[in-house]
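Worksheet: the structure to be examined is printed underneath.
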Amino acid sequence: MTNLKYSVLPNLDGSCELSTSNSKVITAVSGPLEPKQRHRLPLQSAIEVVIKPSFGMGPTPREVLMQDKLATVLQAVIVTELYPRKLVQVNAQILESPFDEFGSMMGNSFNEILSPMIDLNSCFNSSFISLCDSAIALKSSFVSTLLGVTEDKLINIAEVSDLDLLRSFNFKSLHHIVLEVEENKPTNVLLLDSQGDFNDDDLVNVLDNAQKITQKEFQNIRNILKDKVSQDFIWKA
Amino acid sequence: MSEVIDTANNINEDTNGIALMQFPKEVLSRLQPDLVLQRHLQLGLRPSNLMKFNEFRNVEEQSNDALIVNHSTASQAQDNTNSNTSGDLIVANNLLKVGNMFIKTDLSLGITAVETANIEEESFAPIWPEVTVDRGRMGAPTDEEMIASRQLYENIISGKYIKQKNLIISKIGKKHLESEEISYDMADDEENDELLLENKNKWCFVIYAKINVYSREGPIYDHVFNSLMLALQKLTFPSVYIEESSIDLQISSKKSFNKKQKQETKRTFNMKFDFDACNKLNLNSDISISSNFGVIYKDPTMAINVLDEQESNEEKEEDAMDIEKDNTDFKKEPILINDISTDIEEQAILSKVSIACNSKNYKSIKLMNGSNNEKISVQQLKQALKFSKMRYEDLKPTI
Amino acid sequence: MSVSENTKNLIVPGDLLTCAKENQTIDILGQGIYLSFENHLYNSNKIYPTNVGIENYTTKNNKNIANIDYNSKRYIPQQGDYVIATVTNNYATHFVCTLNNFSSTVNLPYANFPQATKKNRPKYENGDLVYCRVKVVDSDLPAELECMDSETGNKEGFGLLEAEKGKHTAILNCSLAYCRELLFNDKGFPLLSDMVKKNLSFEVAIGINGSIWISTGSLLETLCVYKILSKCEKAERNLHAQIIEDTIKEYIKE
Chain A
1 MTNLKYSVLP NLDGSCELST SNSKVITAVS GPLEPKQRHR LPLQSAIEVV IKPSFGMGPT
61 PREVLMQDKL ATVLQAVIVT ELYPRKLVQV NAQILESPFD EFGSMMGNSF NEILSPMIDL
121 NSCFNSSFIS LCDSAIALKS SFVSTLLGVT EDKLINIAEV SDLDLLRSFN FKSLHHIVLE
181 VEENKPTNVL LLDSQGDFND DDLVNVLDNA QKITQKEFQN IRNILKDKVS QDFIWKA
Chain B
1001 MSEVIDTANN INEDTNGIAL MQFPKEVLSR LQPDLVLQRH LQLGLRPSNL MKFNEFRNVE
1061 EQSNDALIVN HSTASQAQDN TNSNTSGDLI VANNLLKVGN MFIKTDLSLG ITAVETANIE
1121 EESFAPIWPE VTVDRGRMGA PTDEEMIASR QLYENIISGK YIKQKNLIIS KIGKKHLESE
1181 EISYDMADDE ENDELLLENK NKWCFVIYAK INVYSREGPI YDHVFNSLML ALQKLTFPSV
1241 YIEESSIDLQ ISSKKSFNKK QKQETKRTFN MKFDFDACNK LNLNSDISIS SNFGVIYKDP
1301 TMAINVLDEQ ESNEEKEEDA MDIEKDNTDF KKEPILINDI STDIEEQAIL SKVSIACNSK
1361 NYKSIKLMNG SNNEKISVQQ LKQALKFSKM RYEDLKPTI
Chain C
2001 MSVSENTKNL IVPGDLLTCA KENQTIDILG QGIYLSFENH LYNSNKIYPT NVGIENYTTK
2061 NNKNIANIDY NSKRYIPQQG DYVIATVTNN YATHFVCTLN NFSSTVNLPY ANFPQATKKN
2121 RPKYENGDLV YCRVKVVDSD LPAELECMDS ETGNKEGFGL LEAEKGKHTA ILNCSLAYCR
2181 ELLFNDKGFP LLSDMVKKNL SFEVAIGING SIWISTGSLL ETLCVYKILS KCEKAERNLH
2241 AQIIEDTIKE YIKE
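Protein chains in written order, with my numbering: chain A, 1 to 237; chain B, 1001 to 1399; chain C, 2001 to 2254.
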């Protein structure tokens, strides 16, 4: 089960700490800020995403690719025209990844791809709460899901808590899906990142399941936000 | 676009104080790529070479085998391997011409020690790519280059193209000192059996890819991937041998008084490639072809009414006002664009999808909706998937 | 209305607003509700919520107003707002001020002071706090502040926030909704009055950019007021009286 803590960093506009069964990230959103000259766009706000890995210096190319995916989706969700010539900065620090242990990448070669996908999946959900916390205008909500397809099963990777099991799955394909949520229902696909071997049927199956998981996960997020709003106005009650 | 310049010309002497400027097409397309693209879309065409919406650019594979090591250059290069002035040996390459863009892929090899016992049957090898977009600048790689490199790396592993097992060097030869002949069968030479046995299954090839993109046009990733795939198909591995002379070197070091040092020196070999005995790489999976698609909506507010041109400018302005008023008739019409092929399209189309597939399966899909108003729907994705299959079939003859 | 009752109508970006559900005409869109140009053209003026909060409908002068109540930390200038600005730079015609750290700067022209002449120029140092009002907001220009009521030309309590001799001052940063409530809703939210009733004497300036300036006669009193205000932000309403009593006991009557 995803565990979310909002407003964990009091000096930032919005922040969130998210932990799933196998990963943990902290994200922060600041904005609208005064941008550097090169970030200044005449009619909309620029979005800067920085992701720091769980160990070592970053962002390395692995994180640069993750940043690109996150920034593109945020571009579609944030009402950028409300903040012209401003900057919205999203920072994410991976705190725990299932592949932190030395040598845990070895063996299954899919681990190399699974590892950034797990990190990014957590970053997506966490940055949504951070954005809500920072009161930056959003067009809609979104929920991110990571699914793995093995020979006979479909696995929601965020729920696998046994790390050894996670490292040894024989995945045929991996699918990272971010769905837009409107009126409590998953609607459009904002990001679909699929890798491995798969066919049309797999894709339909994965999208169907992602919608179900999104629906469930969004209720959880909604409850967290309900809690956040009542905490925000606690002095009123 | 000619219309834009015409309009600008006519109202040039505006009394508002700010004179209207007019730009040639090339400049306007850099200033307002979305406007230029929309004007083209209204005509049913695309900015680059007036392509149709569902048209792909022509892809030609140019042969430049001269650059690959052949036997004579290989032996020359080998003599220089110690000084390493000749650079890497290119074992396979590909030069792809996509529209006006050139992509050059050079594959080279390295050798590394592995513990073969740990390699599972279902373990797949990466390629270590370095993508460079040549545009006359120096310095650190740009985000685009890093993203393309990393994506190649991930997609090569997940596509399961190369089995790690196939990269293990199972046999190591020995070059005889006197005869200058290389023997790969160890039974011939009992004296050094131990040495060859020790090196059996101990080493493994590593594949490096150096990819250069010249006259970049539009997103590069898919074409870079295709070029790499085509080069990979041609990849052959040379045999590896040890020169007897270098073994001698090691014997002399046995006289060292320092026992520890003896252990160290024993491990240094002078391994060389023998291009006379090459093996082709067995790909685990058919190569795939990647293609990209974008979705843009035809924007009626940017349309130029053809009737207007005959009417006077004043009426034209009134028409513009009318557009604001009765907005109920407006409808945005989505257009699926195949093969995003110019900077104009790249900047104006925010929702893109890139699909790699072969005749059996899809290998990767990367769909990113970068605009909330112009999203790729599931129907359009289905259409794009169909096109990508067709594209694979189209390019198969080149393969 | 209690908050628990309110949160039933929690609005999250992407939700359907009650007014849209009931096909109600909204004349004025408040904070947190947005009509995009796109929807204006193609989607028959569909409005959508952009923030997480509670929807709120009021009718004033026969106009329906809709907004979303939400709390935030970063202030975006709006015309007519009372703010506490920090002077960061000065030019020949204006001061440059900030309302939030790292936000875009705003301008405070010398002409926007009472009795301004070319020679009579206020002498503020960098880092000084100024209580002022947002005069003009233009999406393409930095916002403009004023230190007077531009209709009457009176000072109206605006100006430099400085400690008089023998006074102690402090500035407290808190959330925007809390500041708004303290400033505008003294009847419904009588925290400051309650504090005065407990014999605390203090001078206060509330900027709705999230800054509260306090000035009292002694350091302990300043600390006491500061603590009460910051504790009450994190506590339920019925605990406020207790907090005031406890903090006064802790700092003053010992």
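Note that CB positions come from ideal geometry on N, CA and C, so glycine has one too. Computed from a predicted model, the values in this text were never measured in an experiment.
Spatial distance of residue i from residue j (CA atoms)
{"i": "C:I2252", "j": "A:W235", "result": "24 angstroms"}
{"i": "C:Y2131", "j": "B:T1132", "result": "55 angstroms"}
{"i": "B:I1365", "j": "B:Q1151", "result": "11 angstroms"}
{"i": "B:K967", "j": "B:I1287", "result": "In the structure displayed, chain B extends from 1001 to 1399; residue 967 of chain B sits before or after that span and is not available."}
{"i": "C:D2069", "j": "C:Q2031", "result": "8 angstroms"}
{"i": "A:I113", "j": "A:C123", "result": "16 angstroms"}
{"i": "B:A1209", "j": "A:K228", "result": "50 angstroms"}
{"i": "A:E183", "j": "B:P1047", "result": "39 angstroms"}
{"i": "A:Q44", "j": "C:D2140", "result": "11 angstroms"}
{"i": "C:K2060", "j": "C:N2067", "result": "13 angstroms"}
{"i": "A:T72", "j": "A:A92", "result": "15 angstroms"}
{"i": "B:I1172", "j": "A:G148", "result": "40 angstroms"}
{"i": "C:P2190", "j": "C:L2182", "result": "8 angstroms"}
{"i": "B:D1394", "j": "B:A1384", "result": "15 angstroms"}
{"i": "A:S15", "j": "A:K5", "result": "9 angstroms"}
{"i": "B:E1061", "j": "B:L1095", "result": "6 angstroms"}
{"i": "B:V1114", "j": "B:P1126", "result": "14 angstroms"}
{"i": "B:N1361", "j": "A:V206", "result": "15 angstroms"}
Under 8 angstroms between C-beta atoms of residue i and residue j
{"i": "C:E2055", "j": "C:I2011", "result": "yes"}
{"i": "A:S126", "j": "A:V25", "result": "yes"}
{"i": "A:S140", "j": "C:P2142", "result": "no"}
{"i": "C:N2100", "j": "C:R2121", "result": "no"}
{"i": "A:L87", "j": "A:P42", "result": "no"}
{"i": "A:F55", "j": "A:D119", "result": "no"}
{"i": "B:L1232", "j": "B:C1204", "result": "no"}
{"i": "B:S1291", "j": "B:R1391", "result": "yes"}
{"i": "C:N2126", "j": "C:V2083", "result": "no"}
{"i": "C:R2133", "j": "C:F2095", "result": "no"}
{"i": "C:N1995", "j": "A:F169", "result": "Any property of residue 1995 of chain C remains undetermined from this structure, which presents chain C solely from 2001 to 2254."}
{"i": "B:L1299", "j": "B:Q1032", "result": "The question names Leu, yet the displayed sequence has Asp at residue 1299 of chain B. It is not a contact, given that the beta carbons lie outside the stated cut-off."}
{"i": "B:I1340", "j": "B:K1332", "result": "no"}
{"i": "B:N1338", "j": "B:F1124", "result": "no"}
{"i": "A:V50", "j": "A:A137", "result": "no"}
{"i": "B:A1348", "j": "B:I1304", "result": "no"}
{"i": "A:N156", "j": "A:T2", "result": "no"}
{"i": "A:V204", "j": "A:F142", "result": "no"}
Rounded Cβ spacing between residue i and residue j (contact assumed at less than 8 angstroms)
{"i": "A:S115", "j": "A:S97", "result": "6 angstroms"}
{"i": "C:A2085", "j": "C:T2098", "result": "7 angstroms"}
{"i": "A:V77", "j": "A:T27", "result": "The pair is not a contact, with the Cβ atoms about 14 angstroms apart (cut-off 8 angstroms)."}
{"i": "B:G1159", "j": "B:S1285", "result": "6 angstroms"}
{"i": "C:N2154", "j": "C:P2109", "result": "Not really, about 18 angstroms apart at Cβ, beyond 8 angstroms."}
{"i": "C:L2176", "j": "C:G2210", "result": "5 angstroms"}
{"i": "C:N2090", "j": "C:E2146", "result": "With a Cβ gap of about 16 angstroms, C:N2090 and C:E2146 do not count as contacting."}
{"i": "B:M1138", "j": "A:P61", "result": "Not a contact, Cβ separation roughly 19 angstroms."}
Burial state of residue i (16 or more Cβ within 10 Å)
{"i": "B:G1017", "result": "exposed"}
{"i": "C:N2185", "result": "exposed"}
{"i": "B:I1355", "result": "buried"}
{"i": "B:A1140", "result": "exposed"}
{"i": "B:Y1153", "result": "buried"}
{"i": "A:I177", "result": "buried"}
{"i": "B:K1272", "result": "buried"}
{"i": "C:Q2242", "result": "exposed"}
Short CB-CB distance (under 8 angstroms) between residue i and chain F
{"i": "A:C132", "result": "Among the protein chains in the structure shown, which are A, B and C, there is no chain F."}
Check: On the three-pair Cβ rule with 8 angstroms, is the segment 1092–1107 of chain B touching the segment 1178–1185 of chain B?
Finding: The segment 1092–1107 of chain B, when compared against the segment 1178–1185 of chain B, does not touch it at the 8 angstroms Cβ threshold.
Next item on the list: Count the CB pairs spanning the segment 2163–2170 of chain C and the segment 2207–2217 of chain C that are closer than 8 angstroms, and state whether there are at least three.
Entry: Contact between the segment 2163–2170 of chain C and the segment 2207–2217 of chain C is present, because at least three Cβ pairs lie under 8 angstroms.
Margin query: Counting beta carbon pairs with one atom in the segment 193–205 of chain A and one in the segment 155–162 of chain A, are three or more of them shorter than 8 angstroms?
Written below: In this structure the segment 155–162 of chain A does not lie against the segment 193–205 of chain A, because fewer than three pairs of beta carbons, one per stretch, are closer than 8 angstroms.
Next item on the list: Could you say if the segment 100–111 of chain A and the segment 2015–2023 of chain C meet the contact criterion of at least three C-beta pairs nearer than 8 angstroms?
Entry: No, the segment 100–111 of chain A is not in contact with the segment 2015–2023 of chain C.
Next item on the list: Determine, using beta-carbon pairs with one atom in the segment 1020–1036 of chain B and one in the segment 1342–1350 of chain B, whether at least three such pairs fall under 8 angstroms.
Entry: The segment 1020–1036 of chain B is in contact with the segment 1342–1350 of chain B.
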